[in-house]
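Chains as they are written, first to last, in our numbering: chain E, 1 to 295; chain U, 1 to 295.
Just so you know, even glycine gets a beta-carbon here, dropped at the ideal spot from N, CA and C.
These notes concern the structure reproduced below.
2 protein chains.
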Amino acid sequence: MLVGFLASADPAAKVYAEWTGKTCVENGFAFSLRVVDRELLEDAILQANNDDSVSGIIVYYPIFNNRQDQYLQQIVSIDKDVEGLSHRYIFNMYQNIRFLDPHNTKKSILPCTPLAVIKILEYLRIYNTILPYGNRLHGRTITVINRSEVVGRPLAALLANDGATVYSVDIADVQEFTRGAGLRKRRHEVVEKPGWTLENCLPLSDVVISGVPGDKYKVPLELMREGAACINFSSERNFSPEVKEKASIYVPAIGKVTIAVLLRNLLRLAQNKIDAAAHGVDDKSSAEPVIPSTA
Amino acid sequence: MLVGFLASADPAAKVYAEWTGKTCVENGFAFSLRVVDRELLEDAILQANNDDSVSGIIVYYPIFNNRQDQYLQQIVSIDKDVEGLSHRYIFNMYQNIRFLDPHNTKKSILPCTPLAVIKILEYLRIYNTILPYGNRLHGRTITVINRSEVVGRPLAALLANDGATVYSVDIADVQEFTRGAGLRKRRHEVVEKPGWTLENCLPLSDVVISGVPGDKYKVPLELMREGAACINFSSERNFSPEVKEKASIYVPAIGKVTIAVLLRNLLRLAQNKIDAAAHGVDDKSSAEPVIPSTA
Chain E
1 MLVGFLASAD
11 PAAKVYAEWT
21 GKTCVENGFA
31 FSLRVVDREL
41 LEDAILQANN
51 DDSVSGIIVY
61 YPIFNNRQDQ
71 YLQQIVSIDK
81 DVEGLSHRYI
91 FNMYQNIRFL
101 DPHNTKKSIL
111 PCTPLAVIKI
121 LEYLRIYNTI
131 LPYGNRLHGR
141 TITVINRSEV
151 VGRPLAALLA
161 NDGATVYSVD
171 IADVQEFTRG
181 AGLRKRRHEV
191 VEKPGWTLEN
201 CLPLSDVVIS
211 GVPGDKYKVP
221 LELMREGAAC
231 INFSSERNFS
241 PEVKEKASIY
251 VPAIGKVTIA
261 VLLRNLLRLA
271 QNKIDAAAHG
281 VDDKSSAEPV
291 IPSTA
Chain U
1 MLVGFLASAD
11 PAAKVYAEWT
21 GKTCVENGFA
31 FSLRVVDREL
41 LEDAILQANN
51 DDSVSGIIVY
61 YPIFNNRQDQ
71 YLQQIVSIDK
81 DVEGLSHRYI
91 FNMYQNIRFL
101 DPHNTKKSIL
111 PCTPLAVIKI
121 LEYLRIYNTI
131 LPYGNRLHGR
141 TITVINRSEV
151 VGRPLAALLA
161 NDGATVYSVD
171 IADVQEFTRG
181 AGLRKRRHEV
191 VEKPGWTLEN
201 CLPLSDVVIS
211 GVPGDKYKVP
221 LELMREGAAC
231 INFSSERNFS
241 PEVKEKASIY
251 VPAIGKVTIA
261 VLLRNLLRLA
271 QNKIDAAAHG
281 VDDKSSAEPV
291 IPSTA
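Take a look at the structure:
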């Protein structure tokens with residue numbers, strides 16, 4: 001069973017919760033939405049961590065809309081974290097470490113939204129399956145507009161870890177994520193590109209991925225290469241309608257794929273549990289201690 | 001050896017690094033300040049994690065001044081985290097769990113700045129040593145103005161876990177942290193106080209602790225009880241000079257105590273290592289996997 005915790009007053013969180021429920025029902029997954037007071041959420045998550053009938057946990061943010069939300073993200077057991085937000089998972093993602101254990105039986109979970117973009121790029125054959133697994137973006141140049149810790153930066157790292165040259169663009173500056181010439185490195189490195197702007201990045205890019213919040217921003221289409229693939233992960237439309245005349249492929253929204261990826265992660269966690277049991281690997285991958293019951 | 005990583009352009013970070021060095025030298029601790037490019041900091045920390053000559057690590061923030069800084073805080077090995085910023089430590093603090101292991105041999109580290117305030121309150125005998133350990137603030141009412149994840153909220157939780165009634169005040173609202181009537185609970189609980197402001201909290205408070213950034217804010221002294229103890233942890237002066245006429249005790253700054261606490265945590269980590277070895281406890285308390293060397 002997937003459990004969703006709704007302790008947010010944000011209408012978008014409520015809509016996301018409803019969508020999750022709908023997608024679960026359509027695909028035969030059990031889903032339980034639990035509406036809880038935000039001051040009781042930490043204990044409710046800990047209880048779900050220790051409840052064997054719960055296979056996965058999703059928490060709808062924002063809740064406190066400050067760093068307390070990041071604290072809560074770390075409360076979810078790593079064995080039930082379908083969103084892939086545990087530090088251990090994020091660390092493995094940046095470090096390009098694909099398994100949780102030295103026996104390579106338990107796959108590390110990737111964060112949902114960046115993974116949704118990856119899955120879309122695989123589907124669109126921008127990942128080239130002729131190339132070896134792990135290097136399938138070798139030769140691609142990709143601009144990612146947004147460098148948030150939630151989507152933009154992890155996405156740039158994932159794409160570079162798979163071999164792409166990535167220009168990560170935010171208001172302040174441009175950074176280049178690569179694995180070095182000839183994919184020398186095991187994982188990406190980052191260099192600043194002083195003075196660079198979209199004027200430098202877009203003409204070089206096969207793929208343009210944008211996730212700028214707010215309804216004002218539009219990607220300057222005139223700078224883009226003819227036939228670029230364009231993906232929007234903002235809740236607003238970052239590409240104006242004329243994008244269809246210039247892009248080879250245009251993906252206006254990724255929400256449905258993100259929920260599918262959430263369910264994929266749920267299956268992955270279940271599979272990890274089965275594989276670990278079959279291989280006799282200690283199932284306690286979580287760093288969290290057992291919590292004594294409250295007095 | 002304590003290692004400090006300076007990858008921040010913030011002058012205050014540089015000053016804090018210099019103070020740490022000075023305090024270490026005065027007290028016979030080895031200290032090595034390493035100035036690194038922020039893009040190379042993650043690898044530098046990982047290397048120090050694996051270096052047996054390094055006993056403790058401190059990183060001077062802000063660096064990216066966004067959520068990437070919180071990611072970096074989780075990179076430091078739990079066995080070397082003198083600042084007490086690892087999620088495991090923060091989690092134990094909120095949950096009032098005082099040891100890392102079920103054998104109670106390894107003490108959990110507390111975050112430096114909130115712990116500095118606790119140590120000041122102990123020194124000032126606001127902690128009553130007649131009362132049992134763990135309940136020594138029973139009967140005290142304390143207002144904490146600031147509810148950041150770094151200082152204000154952990155401090156309110158620590159004080160309530162030790163038995164105080166705490167009013168946690170920020171711009172938006174007031175929350176009451178307690179362990180319930182008669183210290184019923186093992187750890188604190190939080191309730192919102194709708195409509196409350198400092199006008200309600202200050203007249204009830206034996207102790208007033210303030211950490212509002214910016215030079216504009218002043219605690220309204222006219223609302224305070226005669227003889228209250230006042231502690232300022234802002235880098236600015238949150239109490240106007242007249243506080244000396246009304247307060248029984250006034251502590252204008254806590255920086256030096258914070259660095260002393262940092263060294264105390266360093267000794268604690270060293271002691272944990274010795275105790276764990278003596279008790280034959282597995283020393284691997286960290287959840288981080290061993291990192292393969294880069295290609």
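Hey, residue i and residue j are a contact pair by Cβ (cut 8 Å); roughly how many whole angstroms apart?
| i | j | result |
| --- | --- | --- |
| U:P220 | U:L204 | Incorrect: roughly 14 Å between the Cβ atoms, too far for contact. |
| U:S210 | U:I274 | Contact doesn't hold; Cβ gap of about 39 Å is too wide. |
| E:A164 | E:V261 | Contact doesn't hold; Cβ gap of about 20 Å is too wide. |
| U:V59 | U:L269 | With a Cβ gap of about 15 Å, U:V59 and U:L269 do not count as contacting. |
| E:E149 | E:D173 | Actually they are not in contact, since the Cβ atoms of E:E149 and E:D173 sit about 16 Å apart, beyond 8 Å. |
| E:R237 | E:P252 | 7 Å |
| U:I254 | U:D206 | Actually they do not touch by this definition, with Cβ atoms about 18 Å apart. |
| E:I75 | E:I97 | Not a contact, Cβ separation roughly 23 Å. |
| E:D69 | E:I63 | 5 Å |
Drop a sphere of 10 angstroms on the beta-carbon of residue i, count the other beta-carbons inside from all chains shown, and report buried for 16 or more, exposed for fewer.
| i | result |
| --- | --- |
| U:T129 | exposed |
| U:T294 | Legend: pLDDT at U:T294 = 38, less than 50; position of this residue unreliable, no value from coordinates given. |
| U:D80 | According to the sequence displayed, residue 80 of chain U carries Lys and not Asp. Its Cβ being crowded by 16 or more others within 10 Å, U:K80 is buried. |
| U:Q73 | buried |
| U:G152 | buried |
| E:I259 | buried |
| E:V290 | Any reading at E:V290 needs caution, since the residue's pLDDT is 37, under 50, leaving its predicted position unreliable; the model's value is listed next. Result: exposed. |
| U:S8 | buried |
| U:D283 | In this prediction, U:D283 scores a pLDDT of 46, lower than 50, which makes its location untrustworthy; the coordinate-derived value is nonetheless stated afterwards. So U:D283 counts as exposed. |
| E:P213 | exposed |
| E:Q271 | exposed |
| U:G56 | buried |
| E:H375 | No information on residue 375 of chain E is available, as it lies outside the stretch 1 to 295 that chain E covers here. |
| U:G279 | Checking the sequence, you will find His at residue 279 of chain U rather than Gly. The residue is exposed, with fewer than 16 neighbouring Cβ atoms inside 10 Å. |
| E:Y133 | exposed |
| U:E26 | exposed |
| U:S235 | exposed |
| U:L215 | The displayed chain sequence assigns Asp, not Leu, to residue 215 of chain U. Exposed. |
Please state the DSSP three-state secondary structure of residue i.
| i | result |
| --- | --- |
| U:I130 | coil |
| E:G344 | No answer is possible for residue 344 of chain E: the residues shown for chain E start at 1 and end at 295. |
| E:E288 | Its pLDDT being 39, under 50, E:E288 is placed unreliably in this model, and the value from its coordinates should be taken loosely. Coil at E:E288, not helix or strand. |
| E:D79 | coil |
| U:D283 | Reliability of the predicted coordinates at U:D283 is poor, the pLDDT of 46 falling under 50, and the value obtained from them is presented with this limitation in mind. U:D283: coil per DSSP, three-state reduction. |
| E:K256 | helix |
| U:F99 | strand |
| E:E199 | helix |
| U:V219 | coil |
| E:K107 | strand |
| E:V151 | coil |
| E:E42 | helix |
| E:Q74 | coil |
| E:R264 | helix |
| U:R88 | helix |
| E:Y61 | coil |
| U:A116 | helix |
| U:D275 | helix |
| U:R237 | coil |
| E:A157 | helix |
| E:E18 | helix |
| E:A9 | coil |
| U:T294 | Because U:T294 carries a pLDDT of 38, less than 50, the predicted location of this residue cannot be relied on, and the following value inherits that uncertainty. Three-state result, U:T294: coil. |
| E:R67 | helix |
Which residues share a DSSP beta bridge with residue i?
| i | result |
| --- | --- |
| U:A229 | U:V207, U:I249 |
| U:L269 | Paired residue(s): none; U:L269 is not in a bridge. |
| E:L33 | E:G4 |
| U:G56 | U:L2 |
| U:S168 | U:V144, U:Q175 |
| U:E189 | U:T178 |
- [ ] Determine which residues of the stretch 60-72 of chain U have a Cβ less than 8 Å from any Cβ of chain E, and write them out in chain order.
- [x] N66, R67, Q68, Q70, Y71
Open item on the list: Along the stretch 142-153 of chain U, where does the CB come closer than 9 Å to a CB of chain E? Name the residues.
Closed with: R147, S148, E149, V150, R153
Open item on the list: If the cut-off is 7 Å on Cβ atoms, which residues from the stretch 26-45 of chain E count as contacting chain U, listed in chain order?
Closed with: E39
Task: Contacting positions in the stretch 100-128 of chain E - beta carbon closer than 9 Å to chain U - done: L100, D101, P102
TODO: Please list the residues of the stretch 72-85 of chain E that have a C-beta atom closer than 9 Å to any C-beta atom in chain U, keeping them in chain order.
DONE: Q74, I75, I78
Open item on the list: Taking beta-carbon pairs under 8 Å, can you tell me which members of the stretch 186-203 of chain U lie near chain E?
Closed with: R186, R187, E189, V190, V191, E192
- [ ] Mind checking the stretch 259-281 of chain U against chain E and listing, in chain order, the residues whose C-beta falls within less than 7 Å of any C-beta there?
- [x] none
Task: Residues from the stretch 164-175 of chain E in contact with chain U, defined by Cβ distance under 7 Å - done: none
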